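Student:
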Amino acid sequence: MELDEIQVKGYVTIWQGEGKNKKLIVARAENRFVDAGLKGLVSALACAALSFYSGGYLYSWCYTPKMYLGSDVGTVTIHEMTALVAPIGAAPGTASNTITGIDRTNPSSGVWRTSFIAVWYAGTVSGVVGELGLYLRPFTEFTAGWSRGVTTSNYSYPSSLVSRLSSANEDFSSFVIDPSKSVTVQWDVEVSFA
Amino acid sequence: MKKIAVKGYVTIKQGDKVLAKYIGNHFVDAGLKGLISTILHAWVRVVGATVMAWRVWYDGWNIYIGSDVVTPTNLLHTGLQNPIGDAPGTAPNTRSASMKEGTADGIWSVTYVATWYAGTVSGTLGETALYMKAPDKATFGWTLSSNYDPPVVMISRLSSADLNFSSFVIDEGLPLTVEWTVQLAFA
Numbered sequence: 001m002e003l004d005e006i007q008v009k010g011y012v013t014i015w016q017g018e019g020k021n022k023k024l025i026v027a028r029a030e031n032r033f034v035d036a037g038l039k040g041l042v043s044a045l046a047c048a049a050l051s052f053y054s055g056g057y058l059y060s061w062c063y064t065p066k067m068y069l070g071s072d073v074g075t076v077t078i079h080e081m082t083a084l085v086a087p088i089g090a091a092p093g094t095a096s097n098t099i100t101g102i103d104r105t106n107p108s109s110g111v112w113r114t115s116f117i118a119v120w121y122a123g124t125v126s127g128v129v130g131e132l133g134l135y136l137r138p139f140t141e142f143t144a145g146w147s148r149g150v151t152t153s154n155y156s157y158p159s160s161l162v163s164r165l166s167s168a169n170e171d172f173s174s175f176v177i178d179p180s181k182s183v184t185v186q187w188d189v190e191v192s193f194a
Numbered sequence: 195m196k197k198i199a200v201k202g203y204v205t206i207k208q209g210d211k212v213l214a215k216y217i218g219n220h221f222v223d224a225g226l227k228g229l230i231s232t233i234l235h236a237w238v239r240v241v242g243a244t245v246m247a248w249r250v251w252y253d254g255w256n257i258y259i260g261s262d263v264v265t266p267t268n269l270l271h272t273g274l275q276n277p278i279g280d281a282p283g284t285a286p287n288t289r290s291a292s293m294k295e296g297t298a299d300g301i302w303s304v305t306y307v308a309t310w311y312a313g314t315v316s317g318t319l320g321e322t323a324l325y326m327k328a329p330d331k332a333t334f335g336w337t338l339s340s341n342y343d344p345p346v347v348m349i350s351r352l353s354s355a356d357l358n359f360s361s362f363v364i365d366e367g368l369p370l371t372v373e374w375t376v377q378l379a380f381a
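As you go down the protein sequences, you meet chains A and B in turn. Heads up, the first sequence is in this note's numbering, so the first residue is 1 and it goes up one at a time. Heads up, the second sequence is in this note's numbering, so the first residue is 195 and it goes up one at a time.
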């Protein structure tokens, strides 16, 4: 284990069906991050304070996380990307019926992980899956020691594409959704030493 | 872009003399945990007509120096081995920070600079460390309705025992400056 570098990585696993009929479609394929995720982490390291006065909410990173599916099979991920190329459903895509998460875990020394798990019920999405995106609400400020005050008005960082899994990158093989079965996607985000 | 690589680089100067030039640091567990904790945060709010604050990472950041020359960094380290001054160490006289956008080269960074005036620290400098307020919550979608002020913890260390730089005796007639750049880039 090398301590000179922290790595942030994402892994995507996809199933169709449930119980004993649950079929593994993609096993821990590596995602590709885009600018919003990287900039959000840098921004966090420069965040000094979020201040509140009488009743305001501030929503960030993990507030209403989203995953979307898309059908594009020809466009590789570039860091400037902000959305799926051809979302399934109206942009940004058809939201999963449920999305849950797993608390921070420490699966091995020097590895910390969380997971986002999205489920689309049978019949809610169809077609070819060639791309997937994880959307979070990363910070956007870029001044050392930034702070944000929230008063009675709520403030929400925008829901932004932070990472994408694309068949065009040959990170997984596109597949056709069986509409008679649910689709489950688990997106693991891991922070570890190199 | 399959990973975001986080690295830290340290430059130490006394006057015009550069004693360590952009040397890679070693991170410890608190940094890893804090990054995941940040990603897991959902919302904060105030209850009633009070004022409250969520103070993290940059708030209270500091750099300390120590004299140890034999103890390599391991991921469970939580402080300097032998700080100069009372633990966690003698605080610098001045601190400043800046950010660099990576639009052109893909490298985004924050640089923290600490300076001790001449005569305020002495002895052998064999280790130095960056301390920040890393969030410590572990629950998916954690929320807060109260002040949040996690402790300042060591997130990375530069050690002569790791052979990252050569220890030296501080020249008390000159100020001492430590520049710590934490950079993030796609890899």
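Ideal Cβ placement from N, Cα and C applies to all residues, glycine included. Only a predicted model underlies this, so the values are computations on that prediction, with no experimental measurement involved.
Within 8 Å of any Cβ in chain A, is that where the Cβ of residue 195 of chain B sits?
Tutor: Yes, its Cβ sits closer than 8 Å to a Cβ of chain A.
Student: Taking DSSP's pairing of strands, which residues face residue 256 of chain B in a bridge?
Tutor: According to DSSP, residue 256 of chain B bridges with B:325.
Student: Taking residue 237 of chain B as the query, report the chain A residues whose CB atoms sit under 8 Å from its CB, ordered along the chain.
Tutor: The contacting residues are 57, 58, 59, 60 and 63.
Student: Can you find the residues in the same chain that come closer than 6 Å, C-beta to C-beta, to residue 147 of chain A, ignoring five residues on each side of it along the sequence?
Tutor: Contacts found: 48 and 49.
Student: Buried or exposed, going by whether 16 or more other CB atoms sit within 10 Å of the CB of residue 29 of chain A?
Tutor: By the 10 Å Cβ count, residue 29 of chain A comes out buried.
Student: Contact criterion: CB-CB distance below 8 Å. Does residue 215 of chain B meet it with respect to chain A?
Tutor: For residue 215 of chain B, the answer is no, since every Cβ of chain A falls outside 8 Å of its Cβ.
Student: Among A:162, A:100, A:108 and A:104, whose alpha-carbon lies nearest the alpha-carbon of residue 116 of chain A?
Tutor: Per the Cα distances, A:100.
Student: Applying the 10 Å Cβ sphere with the 16-neighbour rule, what's the burial state of residue 311 of chain B?
Tutor: Residue 311 of chain B should be labelled exposed.
Student: Note down the Cα distance separating residue 300 of chain B from residue 379 of chain B, rounded to an integer number of angstroms.
Tutor: C-alpha separation (whole angstroms): 6 Å.
Student: Between residue 368 of chain B and residue 209 of chain B, which are expected to be in contact by the criterion C-beta below 8 Å, what is the C-beta distance as a whole number of angstroms?
Tutor: Contact flag correct, Cβ pair sits at about 4 Å.
Student: Please report how far the alpha carbon of residue 381 of chain B lies from the alpha carbon of residue 313 of chain B, in whole angstroms.
Tutor: Computed Cα separation, rounded: 43 Å.
Student: How about residue 120 of chain A and residue 226 of chain B: are their beta carbons less than 8 Å apart?
Tutor: Not closer than 8 Å, so no.
Student: Within a Cβ cutoff of 6 Å, which residues of the same chain sit near residue 282 of chain B, ignoring the five residues on either side of it in sequence?
Tutor: Result list for residue 282 of chain B: 258 and 273, in chain order.
Student: Strictly by DSSP, which residues pair up with residue 156 of chain A?
Tutor: DSSP output for residue 156 of chain A lists A:59 as bridge partner(s).
Student: Is the beta carbon of residue 61 of chain A closer than 8 Å to that of residue 137 of chain A?
Tutor: Yes; because the gap between Cβ atoms is below 8 Å, this pair is in contact.
Student: Please confirm if residue 348 of chain B has its CB atom under 8 Å from at least one CB of chain A.
Tutor: It does not: the Cβ of residue 348 of chain B has no partner Cβ on chain A nearer than 8 Å.
Student: Give the DSSP-derived three-state secondary structure of residue 106 of chain A in the structure shown.
Tutor: In the structure shown, residue 106 of chain A sits in a strand (DSSP, three-state: E or B).
Student: For the 8 Å Cβ check, are there 3 or more pairs between the segment 72 to 91 of chain A and the segment 161 to 175 of chain A?
Tutor: Yes: at least three Cβ pairs fall under 8 Å.
Student: If we require 4 or more residues per run, which alpha helix (DSSP H) segments fall completely within the segment 317 to 365 of chain B?
Tutor: Counting whole runs of 4 or more residues, the segment 317 to 365 of chain B contains no alpha helix (DSSP H) stretch at all.
Student: Run through chain B and tell me which residues come within less than 7 Å of residue 112 of chain A, C-beta to C-beta.
Tutor: 226, 227 and 230, listed in chain order.
Student: Applying a beta-carbon distance threshold of less than 7 Å, which residues of chain B neighbour residue 191 of chain A?
Tutor: Within chain B, the residues near residue 191 of chain A are 226, 229 and 230.
Student: Taking 8 Å as the cut-off, decide whether the C-beta atoms of residue 140 of chain A and residue 15 of chain A are in contact.
Tutor: Not closer than 8 Å, so no.
Student: Please report the distance separating the alpha-carbon of residue 44 of chain A from that of residue 251 of chain B.
Tutor: Cα to Cα, residue 44 of chain A sits roughly 7 Å from residue 251 of chain B.
Student: Taking the continuous alpha helix (DSSP H) assigned at residue 42 of chain A, which residues delimit it?
Tutor: 35 to 45 is the extent of the alpha helix (DSSP H) around residue 42 of chain A.
Student: Is residue 167 of chain A helix, strand or coil when you go by DSSP?
Tutor: Of the three classes helix, strand and coil, the one that applies to residue 167 of chain A here is helix, per DSSP.
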